[in-house]
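K.L.:
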Amino acid sequence: MTLQLAASSISIGFVMALLLALAQQGNNPVLVLPIRAFVAVFRGTPLLVQIFLIYYGLGQFRPSLQAIGLWWLFREPYWCAILALSLNTAAYGSEILRGAIQGVPRGLIEAAFSFGMSRLLTLRLVILPLALRQAIPSYSNEIILMIKGTSLASIITLMEVTGIAQGLISQTYRAVEVFVAAGAIYLTLNFTIISALNALETWLTPYRART
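Sequential numbering of the sequence shown, starting at 1475, is according to the working numbering.
Here you go:
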């Protein structure tokens, strides 16, 4: 369950973050201002509160959600957790990607235009590859934080690692041993993912490894 929550929310959140980051590159206030408000809200409030508001808060509007066909989403703790985690990581990730995109040297973009490349082609072949490489270290930290954040899903009855640990404690009364085991599971997951992301960064940026 922990891996499912993490993989789903990170994947959905990355797509949302990329779209939000690209939308902020223009000067259209109709797009930029709502996005900045969204980012400010989700970065400025605890993930725990966001999960509570989405699961318990939106549940108060059941008739309206049923009328528009969205009650199936908000009645299930699993989907509410994925939604909250995805929106949270999208807010943080969009700022990481926005900074990485703005960090692409202007000279490279102008050189692409001088070769007759369109804006879309320049974005796909020049800007995004360079920006994603630069964003890997910071985005790796966000991925690790999101994996640890899945532990909060236990508060809405999801049986991921922390939820299972709490169930075992209520049965065995061995809190220390159970939480140490749960911590070891998170540590193993994060260490494996960190190693994979470091290998990816080295492969994509070999010049940094040599220096």
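Heads up, the beta-carbon is just placed ideally off N, CA and C, and yes, glycines get one too.
May I ask which residues mark the beginning and end of the alpha helix (DSSP H) holding M1620?
P.N.:
Per DSSP, M1620 belongs to the alpha helix (DSSP H) from 1602-1623.
K.L.:
With a CB to CB cut of under 8 angstroms and the five nearest residues on each side skipped, what residues in its chain are close to I1583?
P.N.:
The answer, listed in chain order, is T1596, V1600, I1601.
K.L.:
Taking 7 angstroms as the limit between beta carbons, can you name the residues of its chain near L1674, skipping five residues before and five after?
P.N.:
Once the five neighbours on either side are set aside, the close Cβ partners of L1674 are I1610.
K.L.:
Hey, would you say R1572 sits closer than 8 angstroms to A1495, going by beta carbons?
P.N.:
Yes, Cβ-Cβ distance for R1572 and A1495 is below 8 angstroms.
K.L.:
I'd like to check one pair, G1623 with L1539: are the Cβ atoms closer than 8 angstroms?
P.N.:
No.
K.L.:
Can you confirm whether the stretch 1482-1500 touches the stretch 1553-1567 when touching is taken to mean that 3 or more C-beta pairs between the two stretches lie within less than 8 angstroms?
P.N.:
In short, these stretches touch, since the Cβ pair count reaches three.
K.L.:
Compare the Cα-Cα distances from R1549 to each of A1541, L1532, L1561, I1542 and report the closest residue.
P.N.:
Measuring from the Cα of R1549, the nearest candidate turns out to be L1532.
K.L.:
Applying the criterion that 16 or more other CB atoms from any shown protein chain within 10 Å of the CB defines a buried residue, is V1523 buried or exposed?
P.N.:
The residue is exposed, with fewer than 16 neighbouring Cβ atoms inside 10 Å.
K.L.:
Just tell me which of P1603, G1637, T1631 has its CA closest to the CA of T1679.
P.N.:
Of the listed residues, the one whose Cα sits closest to T1679 is P1603.
K.L.:
What residue range does the alpha helix (DSSP H) around S1731 cover?
P.N.:
Past the edges of the chain, shown from 1475 to 1685, lies residue 1731, and the structure says nothing about it.
K.L.:
If you compare alpha carbons, which of P1503, A1480, Q1478, N1672 is closest to S1614?
P.N.:
Selected option, being the one with the closest Cα: N1672.
K.L.:
If I measure Cβ to Cβ from T1536 and keep anything under 7 angstroms in the same chain, skipping five residues before and after, which residues do I get?
P.N.:
The displayed chain sequence assigns Arg, not Thr, to residue 1536. Only W1545 meet the Cβ criterion.
K.L.:
What first and last residue would you give for the alpha helix (DSSP H) that runs through P1508?
P.N.:
Here the alpha helix (DSSP H) through P1508 covers 1503-1518.
K.L.:
What distance in whole Å lies between the Cβ atoms of Y1552 and L1632, which are believed to be in contact at a cut-off of 8 angstroms?
P.N.:
With a Cβ gap of about 6 angstroms, L1632 and Y1552 count as contacting.
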